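In my numbering, the protein residues as written are 3 to 734.
For glycine and all other residues, C-beta sits at the position ideal for the given N, C-alpha and C.
Just so we're clear, the structure is a prediction, and the values are computed from it rather than from any experiment.
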């Protein structure tokens, strides 16, 4: 199938300079982008979220008919809400965990019958009737209804409010509280902090397919340490008594129940006597007769798939995964109608798909090879086909494939090579919506049939005259990709972006943009982040490298930093810096490094490396001592502090400050950060002051962890970085 040409045949006008101010102005430079794309259950139309042209951060609900015609707006968020409502702390935290920064309509859901679309908006709920297009307001309460869903058959809406779980008939009538004891440290139907932040589980309740019962969690945080967090905003400060489970300290206790809606009977699921475990995933079987729970041990080296009788609460372990390092969680478990299920595992050294009988007996390994499956995107049970995304040919590209799980063979590519694909597969029939981009093609979205043939565009987003990025396209820097070799022989992929108007005879200052942590990949043949462009306009080379520990590689590659964060990944970045400094167009005396979150930690480790090649570094929201970070993330890679004292000591930035050059560091942090808590920076500030090490600092009142993407503070973050590097690397 053909991809839209990245540039029109006609040449663009003389390119303009892309300023930091334009990066954060409207319309969005990436062009119109479809988010939250879903195919209606009847397969007749596609729905998605799209930012307003005049305010890209405010989203509406749009639709496009499968048979053709122009897309149309289903619900205008401005018609339902002024957008001025202050969200509850619970909803703010939930959005922060999900990295949702938009306003307006940020989520929606279909019922499985395709009759209704549920739209949460500013803490209340609205229901769109597909038959007549009528939008009905369902709730108008002082509290926020969060994690709202339509029941599978469309009979109810469900939601959590004030720490309790409610249902409300769609046909009308009063709401019903399924739980009433939620208050203080006790909540029902919610996902605890680490489930949301680290486990990618954002819900705490699950309807059975017949909508006759609901499984839900009871989360007791009374044993979790209260970490007083001073939330400093532009109008003053408040103290938030945040329950934050730091590494080695108690977690929330999670119990699981099933409630029958007709009788009100509540059955507790027997999760075993050990309460110090993670309820990682919960799923119903296709017939609703079995409740599956994925239960992970505290050390994350053991994962059990347990099949429960929901009427009795008793279960049997049907599959166990163990690993000496850790077991990665995934959403690849898929119960099939015949009782068997699909599962993913890294036991071969790479993540692959497996087919199991209902008893847990292996039927077949579905995929194999020296490459990892990214995710099981969907299943076409009629053809007994699994649709998945993977980087088979190179880690730099991702495609969509299908493979028979009944008769496994070589996977068939449904999308062409050359860039980066994402997909969401329909529940039946194998049709899928897919997004695509490459370095010269901004994000596109289309609907494809089961063979991979494009049925229609959802957002073609063609880079041509009229596109927001078009005035800057003539000097669109083409990234250069290559490989380096790590100390242990592993191949490391890098990317170089050259300055606008690049002259190979000149020498340029260079900035390494780093993340470096697990579960992430920064180097790929995809559309470039527009926020990097001002550095290129300002005469910098930008360099990125995916070190050991990063995602989309072998299990060995990812687990190289086991119990020693801040070592091998730092060594790999230093290999990259040495290569960068040796390029004929790079001034080796003018190297900078920048990163946020784990990238902030990496920046500090690189700036305090013995004989560091970096003259300047900008560290945003950095974890400075892993004992201050949360349990699930930290213990996965480092174990508990009392079990790995040397590892924690070695990765504590304060123990390396003797190597930090005066005036070489810019430290940035949001003053309401509830993820990498501000204490991570204050201890560093105090230590640098004690050791008389001059540094620069920029704090962001009211901002949480995602300040660089903030509509209000993002521009300032970018301009602060540019001004710092201009002073340090250019002497301006």
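Distance between residue j and residue i (C-alpha atoms, nearest Å)
| i | j | result |
| --- | --- | --- |
| residue 75 | residue 723 | 38 Å |
| residue 256 | residue 717 | 40 Å |
| residue 465 | residue 611 | 43 Å |
| residue 307 | residue 293 | 10 Å |
| residue 4 | residue 264 | With a pLDDT of 38 at residue 4, under the threshold of 50, the modelled position of that residue is not reliable, and no figure is offered here. |
| residue 29 | residue 52 | 12 Å |
| residue 42 | residue 49 | 7 Å |
| residue 6 | residue 113 | Because residue 6 sits at a pLDDT of 36, beneath the cut-off of 50, its placement in the model cannot be relied upon, and the following sentence gives the value as read from the coordinates. Taking the straight line from one Cα to the other gives about 33 Å. |
| residue 9 | residue 31 | Reliability of the predicted coordinates at residue 9 is poor, the pLDDT of 37 falling under 50, and the value obtained from them is presented with this limitation in mind. Rounded to whole angstroms, residue 9 to residue 31 spans 15 Å at the Cα level. |
| residue 731 | residue 617 | 7 Å |
| residue 15 | residue 598 | Model confidence at residue 15 stands at a pLDDT of 45, short of 50, so the residue's coordinates are unreliable and nothing is read from them. |
| residue 201 | residue 282 | 7 Å |
| residue 33 | residue 443 | 11 Å |
| residue 516 | residue 493 | 17 Å |
| residue 272 | residue 317 | 7 Å |
| residue 351 | residue 298 | 20 Å |
| residue 208 | residue 386 | 26 Å |
| residue 704 | residue 673 | 6 Å |
| residue 12 | residue 170 | Its pLDDT being 39, under 50, residue 12 is placed unreliably in this model, and the coordinates cannot settle the point. |
| residue 240 | residue 231 | 8 Å |
| residue 646 | residue 585 | 39 Å |
| residue 88 | residue 360 | 47 Å |
| residue 667 | residue 602 | 11 Å |
| residue 450 | residue 433 | 6 Å |
| residue 187 | residue 103 | 27 Å |
| residue 18 | residue 55 | 21 Å |
| residue 396 | residue 554 | 10 Å |
| residue 120 | residue 591 | 57 Å |
| residue 183 | residue 161 | 15 Å |
Within 9 Å, strictly: CB atoms of residue i and residue j
| i | j | result |
| --- | --- | --- |
| residue 338 | residue 345 | no |
| residue 125 | residue 143 | yes |
| residue 624 | residue 608 | no |
| residue 371 | residue 394 | yes |
| residue 425 | residue 415 | no |
| residue 410 | residue 366 | yes |
| residue 735 | residue 664 | Nothing about residue 735 can be read from this structure; the chain reaches only from 3 to 734. |
| residue 550 | residue 559 | yes |
| residue 651 | residue 250 | no |
| residue 204 | residue 713 | no |
| residue 577 | residue 522 | no |
| residue 659 | residue 700 | no |
| residue 284 | residue 296 | yes |
| residue 374 | residue 392 | yes |
| residue 513 | residue 537 | yes |
| residue 639 | residue 422 | no |
| residue 500 | residue 479 | yes |
| residue 398 | residue 259 | no |
| residue 153 | residue 107 | no |
| residue 655 | residue 614 | no |
Per-residue burial, residue i [other beta carbons within 10 Å of its own, 16 or more giving buried]
| i | result |
| --- | --- |
| residue 147 | buried |
| residue 364 | exposed |
| residue 604 | buried |
| residue 136 | exposed |
| residue 141 | buried |
| residue 105 | buried |
| residue 237 | exposed |
| residue 96 | buried |
| residue 637 | buried |
| residue 693 | exposed |
| residue 734 | exposed |
| residue 557 | buried |
| residue 101 | exposed |
| residue 696 | exposed |
Unbroken stretches of the beta strand (DSSP E), 3 residues or longer, contained in the segment 300-340: 304-310, 317-324
So, do the segment 216-223 and the segment 243-259 have three or more beta carbon pairs nearer to each other than 8 Å? yes
contact_flag[the segment 235-247, the segment 311-330] where n(CB pairs < 8 Å) is 3 or more: Under the 8 Å Cβ criterion, the segment 235-247 does not count as touching the segment 311-330, having fewer than three qualifying pairs.
Contained beta strand (DSSP E) runs [length at least 3] in the segment 536-572, N- to C-terminal order: 543-548
To test your reading of the DSSP string, which unbroken beta strand (DSSP E) runs of 3 or more residues are found completely within the segment 644-688? 667-672
Entirely within the segment 379-436 and at least 3 residues each: give me those beta strand (DSSP E) ranges in chain order. As far as the segment 379-436 is concerned, its whole beta strand (DSSP E) runs of at least 3 residues are 387-392, 401-406, 422-427.
Of all the alpha helix (DSSP H) runs that stay within the bounds of the segment 469-509, which reach a length of 4 or more residues? none
With a floor of 3 residues, list each beta strand (DSSP E) that falls wholly inside the segment 105-164, ordered by position along the chain. 118-123, 126-131, 137-139, 148-152, 158-163
Just to confirm the assignment: which complete alpha helix (DSSP H) runs, minimum length 4, are found wholly within the segment 158-236? 195-199
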